[in-house]
Amino acid sequence: MKLGEKIKCENNVLSLAILGILIAIGLTMLGYLVGQSFFKAKQLDRVVTVKGLSEKMVEADLAVWPITIKGVDNDLQQLNAKIEQDCKKVKDYLIQLGFANEEVELSQYSVKDLMAQEYRNKELENGRYIITASVTLKSNKVKLVKEAYQQIASLIKEGILIDVGDDYSYKGPLYQFTKFNELKLLMLTEAIKNSKEAANKFAEDSNSQLGMIKTANQGVFSMVAVNSSEVYSNSNKDEISSIHKKIRVVITVDYYLN
């Protein structure tokens, strides 16, 4: 073999060796980077799911009481005069208790003629006409509204037919809390703080460090009477008839663990 060809061959071998070394180094680095990425990904997959609770006790700041008055008679004019008189007595009663004139208004008035019905009782002798009227009280004097409702029997004793409802139909004052939106942000902040305390406790017990929030799901706000059972929260009868209420929210938060 000539000297030039020998040198050329040696150079090719050296180049191939260097190329092989570079490829090996590259594959090693690639494997390291992939391994590190996988390790970090596995670290990020470590999460703890906790719930955060916030509760607030509030009092209603508005009461709406539709007082339904009824009457039955064969003489429409006589019945109408009686209902008008009854409505006036109810309004006077409320004003005497301390309510303003503009807080009391006649909100409904309807007349039903039983003889005009298609499937009427042909032997009907009494009570042809039925008049229903409503006097609505709307006031922020919540406790005074409750007192007025508790004394409604005094009006019934005067011969005024007032629908007071039954176990299935509530006809009393509706107590409302109108500043609910003002509490939402505060309660969500408290719920997140509560969830973080629970997550920190778990992290300490598992020899981990608490990381950032991965996801947070806001629960549904609920409002119930303070003395009612959560089991029956689907029914709002207790809530609307109670001045003292409890607002509650539960959120679910996922935290990373480091």
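Per the working numbering: the sequence shown = residues 11 to 268.
All C-beta atoms in this analysis are idealised placements derived from N, C-alpha and C, irrespective of residue type, glycine included.
Please classify residue i: does DSSP put it in a helix, a strand, or coil?
| i | result |
| --- | --- |
| Gln3 | The question about residue 3 has no answer here: the residues shown for the chain are numbered 11 through 268. |
| Ala51 | Residue confidence is low: Ala51 scores 38 on pLDDT, short of 50, so the model does not pin down where it sits. No coordinate-derived value is stated. |
| Ser149 | strand |
| Ser141 | The sequence as given places Ile at residue 141; Ser does not occur at that position. Strand at Ile141. |
| Ala163 | helix |
| Ala235 | strand |
| Ile253 | coil |
| Val155 | helix |
| Asp71 | coil |
| Gly14 | Any answer about Gly14 is weak, because its pLDDT of 49 lies below 50 and its placement is not dependable; what the coordinates show is given next. Helix at Gly14. |
| Leu40 | In this prediction, Leu40 scores a pLDDT of 49, lower than 50, which makes its location untrustworthy; the coordinate-derived value is nonetheless stated afterwards. Helix at Leu40. |
| Asp264 | strand |
Thinking just about the alpha-carbon of each residue, which of the options is nearest to the one in residue i?
| i | options | result |
| --- | --- | --- |
| Phe100 | Leu86, Glu200, Lys80 | With the sequence shown as reference, residue 100 is identified as Val, and Phe is not the correct amino acid for it. Among Leu86, Glu200, Lys80, the Cα nearest to that of Val100 belongs to Lys80. |
| Ser238 | Lys61, Gly221, Val114, Ile257 | Ile257 |
| Met125 | Glu94, Thr142, Asp85 | Asp85 |
| Val121 | Asn210, Asn111, Gly137, Met67 | Gly137 |
| Glu115 | Asn210, Asp123, Leu104 | Leu104 |
| Ile250 | Lys156, Gln118, Gly108, Arg56 | Lys156 |
| Leu193 | Lys61, Glu65, Val57 | Glu65 |
| Ala201 | Phe212, Gln228, Ala213, Asn191 | Gln228 |
| Ile162 | Tyr139, Ser149, Gln95, Val174 | Val174 |
| Gly182 | Ser232, Gly62, Gln106, Ile253 | Ile253 |
| Tyr180 | Asp248, Ala209, Leu63, Ala226 | Asp248 |
| Ile172 | Ile141, Val152, Lys151, Leu154 | Ile141 |
| Leu107 | Lys153, Ile170, Asn246 | Lys153 |
| Tyr119 | Ser232, Cys97, Asn246 | Cys97 |
| Gly62 | Ala158, Val82, Asn210 | Asn210 |
| Asp71 | Tyr139, Gln88, Asp102, Lys151 | Lys151 |
| Asp123 | Leu89, Gln95, Glu112 | Leu89 |
| Lys224 | Asp215, Thr262, Ser216 | Thr262 |
| Ile93 | Glu69, Asp102, Ile170, Gln160 | Ile170 |
| Ala158 | Ser232, Ser216, Asp102 | Asp102 |
Does the separation of the CB atoms of residue i and residue j fall below 8 Å?
| i | j | result |
| --- | --- | --- |
| Lys255 | Val234 | yes |
| Thr78 | Ser164 | no |
| Met67 | Val236 | yes |
| Ala58 | Phe212 | Residue identity differs from the one stated: residue 58 is Val in this sequence, not Ala. The answer is yes: Cβ separation under 8 Å. |
| Phe190 | Ser149 | no |
| Val60 | Ala208 | yes |
With residue i and residue j assumed to form a contact (beta carbons below 8 Å), what rounded beta-carbon distance in angstroms separates them?
| i | j | result |
| --- | --- | --- |
| Ala91 | Tyr185 | That pair is no contact at about 34 Å. |
| Tyr265 | Leu220 | 6 Å |
| Thr188 | Trp75 | So it is not a contact: roughly 16 Å between Cβ atoms. |
| Leu267 | Ser205 | Not quite, the Cβ-Cβ distance comes to about 14 Å (not below 8 Å), so this is no contact. |
| Tyr139 | Asp177 | That pair is no contact at about 29 Å. |
Determine, using beta carbons only, whether residue i comes closer than 8 Å to chain B.
| i | result |
| --- | --- |
| Ala213 | Checking the listed chains, one finds no chain B in this structure; it contains a single protein chain. |
Going by the C-beta, is residue i closer than 7 Å to any heavy atom of the ligand MN?
| i | result |
| --- | --- |
| Met125 | This structure lacks the ligand MN, and indeed carries no ligand of any kind. |
Length at least 4, wholly inside the segment 168–227: the alpha helix (DSSP H) runs in chain order: 190–215
Any alpha helix (DSSP H) of 4 or more consecutive residues that is wholly inside the segment 76–116: Note on the segment 76–116: whole alpha helix (DSSP H) runs with a minimum of 4 residues are 86–107, in chain order.
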